[in-house]
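Chemist: Structure incoming, see below.
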Amino acid sequence: MPDLRLTDEQQAIVAHNEGPALVFAVAGAGKTTALVHRLERLVRERVFEPRKILATSFSRLAVDDLKRALARWPHTQAIQVSTLHALGYRIVRKAASEGLLKLAEVRDEGSEQALLQRTLRRARELKLEWVSELENLEAEDFLSYVGACKGNLQYADLKGAGLPPAALRVASQAQAPEELEWYLELYKLMEQVRLEEGLLTFDDMLMTGWEVLVRHPGILQTVQKAFQAVLVDEFQDVNLAQSEMLDLITQPHRNYMAVGDDDQTIYEWRGASPRFILEFAQRYGAKKYLIRDTFRCPAPQVVLAGRVIAHNQQREPKRLSLTKGFQGRVHLRLEPHTPAQAQGLVSDIAGLLAQGRKPGEMAVLVRLYAQTPYIEQCLIERQIPYRVVGSTPFYQRPEIQGLLAYLQLALNPTKHLWLQVYNTPKRYLSRALADAVWRRVERGASLVEALRAELAGAEERVARRLRELAELFEWLGGAIAQGPAHAVLVALEARLDYCRHLLRSSGFYEVGVGRAEGVRAFLEYTRDKGRVFELLQHLERLAQEHLGDEPAPETRERLSLMTIFRAKGLEWPLVFIPDCNEGTLPYSGSENLEEERRLFYVALTRSSQHTYLYALSSLPLSPFLQEAEYQQVLGAVERVGEALEMKAEELSTAQTLALARGAHELGLERFLHRWWKAEQAQPIAAKVLRLFAHAERAGWLEALGLTPEARGLWEAFDIEPGEGMAGEFADLERFLLEPKAPEKPPGLSLGQKVRHFQFGVGRVVGLEDGVATVAFADGVRKLVLRYARLEVVGSASLGRPKMGLQGQD
């Protein structure tokens, strides 16, 4: 029997027995509930043996949720629930037990550091030509590069791997990041050391697991027989290694269900791709299911997020469906500059705390950690406890500390500071030379004197670098004594070309640009912080105040400050999103506009109550908000929400018209028919239908923007509209819209160049029924001429200057 607590869409998933299936589940859709009920039914009805069912995910969080939910039924305890990494490890361990590969040790996630250190020692022992590069190696960055390679089945030495021909259609040769060619050489060496020692890192659990399956048909058959049904959650996050491993395991039966949301694919830069979930149905002939109901967000977030993500081209068409009603808000606050924005944001937080809200109910979501300095300062000054999830407070970040170390070394030289800066950015100075310089300092020489003393006898290249470093510290000493900290640091960054160094020293653009932007934001932050000594005192005071107020986890909650990347899968009642401007959302340095839009969508769908957006009035507003027509949309949501709270007899003509038009335009059909339980539902539906009848008799349906689809929404209540009161809707005529613009404005023709306010210049490739099909640089779009801000290049505007709710298909 179906569980009546489940929606019809969830019940359809629960009822799926055999064969491939693809479930698109929107944010906050209760997919775990549907999945565990399906698993419970499959076991209870003996469709599959529980020990031969595999429920898995890339995400430990998702796996833990599945385990907790399945714990309520004794008969589901034998279901195999594990992460994909754990599955890969079991496969590798099976191969090792049969003597098919050497496996001496397994390492947990993050412990690749020890293997890397042994590899670095090997490189120095071999005196490889690129060994000098290792002085400035960012270990975390390099290991992320290796992890991404392995997740994408990119081998350090593909030819030497000796893979079977079928595997070579999937695997590929790894490539070095631009300007970091030695990364690939170090990757090769680390693989040699790893294989010699029989080590298995966290990333190898997937790559080697897949490799075992393609090399050893016997083990593949054993694994295939072990699982009669496979269910994969958070499928939008899988990488190539995971996708191909699952493909092999499910090959005999394809009782394979993938569950995820392509609109939440935000980790493309580290190997995930929406194509794995978007191509799943075609690849396997899978039946598609949708779970559209979101049980997390109220109406403003649901509608706005839906309008934002609808502009992506590479996605499964679907719409978030409201369940929670209208008890929530999306606020947008404009501030003149970044410090004022931070003050406004933290003032809003302080006001909510004063009303009794708790810090743990709140999260500040940023695109880059570079956005946090002013926010953190205001939080510390207001004594609001917070934690930076996934990073450290801004004044402790390595890229900031690296720049400040120059100032501290000039003021108070220590060996620790000297070793921190002598080769950052890379100067190719040896550690032996650095030690020699410091010995002179210990004997009483100044740092400048020690550097100049080592010039004698040094080869030309080294002598030039020593001279440049001596001149740098000579200049720095005078600059610190004379200028404000901001001017000193700006000049220091320019002399060091420090931001470029951060970009060049990272194998991931996303990581490098985050560090560089962090430094630029810090430079701006120092603008009003006095001289260098005062700046350093200020930072020390911030650290003392913050750490002194550091709450013990068990005694006091903290506000969460994190990137949107870290926020996926989480939710809070109150969410704050700063810098909703072009250049940050989307980030100007990203070439993947669709992933940037997905990031904003994820941010908008984290709140269960209120979302606070902040933007600088001095910069263009985020195009994601502009193209979603946020003002019109949020206004329409507010009007519809107010009208639904009223009694039918109290509704004005304007409010009734707002329901007649807005309910369909906002996509509220499913909410009104399934989740709206108001006593006034039928009387309101009857009154709206009377408005449609009145407009039809007067011949005003089109002029009022009333469509057959909008009418059908209310007719589905299956109620007689009745006659209504005398004079009802007597003022309806004053709400008639402006006459419709010509379907083909003069001067617009096929092949013509046009400019759109958001999408730029494109070429008209189709004209039909008032819709222009235009090819822009980022794709082909259909624009409703009645609403589109569209102009022929070199001519006047076409269509209405202001976009309405139907502005773009």
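Numbering-wise, UniProt numbering puts 360 at position 360 of the sequence shown, and it's gapless, one number per residue.
Cβ coordinates follow ideal geometry from the N, Cα and C atoms, glycine included.
#1: Taking residue 470 as the reference, which of 657, 751 and 455 has the closest Cα?
#2: Taking the CB atoms as reference points, tell me whether residue 288 and residue 487 lie closer together than 9 Å.
#3: Under 8 Å: does the beta carbon of residue 644 sit that close to some heavy atom of the ligand GTP?
#4: Just curious, the beta strand (DSSP E) that residue 772 is in, first and last residue?
#5: With H, G and I counted as helix, E and B as strand and the rest as coil, what does DSSP make of residue 154?
#6: Rank 614, 622 and 684 by C-alpha distance to the C-alpha of residue 647 and give the top, closest one.
#7: Short of 7 Å in beta carbon distance, which residues of its chain neighbour residue 666, apart from the five on each side in sequence? Order them along the chain.
#8: Quick one: residues in its chain with C-beta nearer than 6 Å to the C-beta of residue 240, no 5 flanking neighbours on either side, listed in chain order?
#9: Based on Cα-Cα distance, which residue from 693, 764 and 568 lies nearest to residue 62?
#10: Taking 8 Å as the threshold, find out whether the segment 587 to 607 comes into contact with the segment 360 to 373 through three or more Cβ pairs.
#11: Do residue 447 and residue 409 come within 9 Å of each other at the CB atom, strictly closer than that value?
#12: Within the chosen definition, does the segment 433 to 451 reach the segment 508 to 521 through at least 3 CB pairs nearer than 8 Å?
#13: Run the CB neighbour count on residue 494, radius 10 Å, all protein chains shown included, and call it buried at 16 or more, exposed below.
#14: What are the boundary residues of the alpha helix (DSSP H) that includes residue 30?
#15: Got a sec? Which residues, its chain only, sit under 7 Å from residue 72 by beta carbon, not counting five neighbours each side?
#16: What does residue 387 pair with, by DSSP beta-bridge criteria?
#17: Helix, strand or coil for residue 526, going by three-state DSSP, please let me know.
#18: Do the segment 176 to 187 and the segment 534 to 548 touch if we need at least three Cβ pairs shorter than 8 Å?
#19: Out of 188, 14 and 559, which one is the CA nearest neighbour of residue 352?
#20: Could you give the uninterrupted runs of the alpha helix (DSSP H) lying entirely in the segment 203 to 242, keeping only those of 4 residues or more?
#21: So residue 774 and residue 765 are in contact, right, with Cβ under 8 Å, and what is the actual spacing, rounded?
#22: Identify every residue that forms a DSSP beta bridge with residue 333.
#23: Does the Cβ of residue 121 have 16 or more other Cβ atoms within 10 Å, making it buried, or fewer, making it exposed?
#24: Excluding the 5 residues flanking residue 616 on each side, which residues of the same chain have their C-beta closer than 8 Å to its C-beta?
#25: Per DSSP, what are the beta-bridge partners of residue 182 in this structure?
#26: Run through DSSP, which three-state label would residue 624 get?
#27: Keeping to the same chain, check which residues put their C-beta closer than 8 Å to that of residue 2; ignore five residues upstream and five downstream.
#28: What separation, rounded to the nearest whole angstrom, lies between the Cα atoms of residue 325 and residue 294?
#29: Beta-carbon separation of residue 249 and residue 212 under 9 Å?
#30: Taking the Cβ atom as the reference point for each residue, do residue 146 and residue 112 lie within a distance shorter than 9 Å?
#31: By DSSP, does residue 309 sit in helix, in strand, or in coil?
#32: For residue 411 and residue 394, what's the separation of their Cα atoms in angstroms?
#33: As an exercise, report each continuous beta strand (DSSP E) stretch of at least 3 residues that is fully enclosed by the segment 44 to 90, in chain order.
#34: Does DSSP put residue 17 in a helix, a strand or coil?
#35: Compare the C-alpha of residue 156 against each of 193, 413 and 298 and name the closest.
#36: Helix, strand or coil: how does DSSP classify residue 288 here?
Modeler: In terms of the structure at hand:
#1: 455
#2: no
#3: Ligands are entirely absent from the displayed structure, and the ligand GTP is therefore not among its contents.
#4: 771 to 776
#5: strand
#6: 684
#7: 303, 636, 637 and 640
#8: 152 and 153
#9: 568
#10: yes
#11: yes
#12: no
#13: exposed
#14: Where residue 30 is concerned, there is no enclosing alpha helix (DSSP H), given that its DSSP letter is neither H nor E.
#15: none
#16: 560
#17: helix
#18: no
#19: 559
#20: 204 to 215 and 217 to 226
#21: 7 Å
#22: 614
#23: exposed
#24: 334, 335, 336, 337, 338, 341, 579 and 581
#25: Residue 182 is not bridged to any residue.
#26: helix
#27: In this predicted model, residue 2 has a pLDDT of only 48, less than 50, meaning its place in the structure is not dependable; the value taken from the coordinates is given anyway. Answer for residue 2: 11, 14 and 15, listed in chain order.
#28: 11 Å
#29: no
#30: yes
#31: helix
#32: 22 Å
#33: 53 to 57 and 80 to 83
#34: coil
#35: 193
#36: strand
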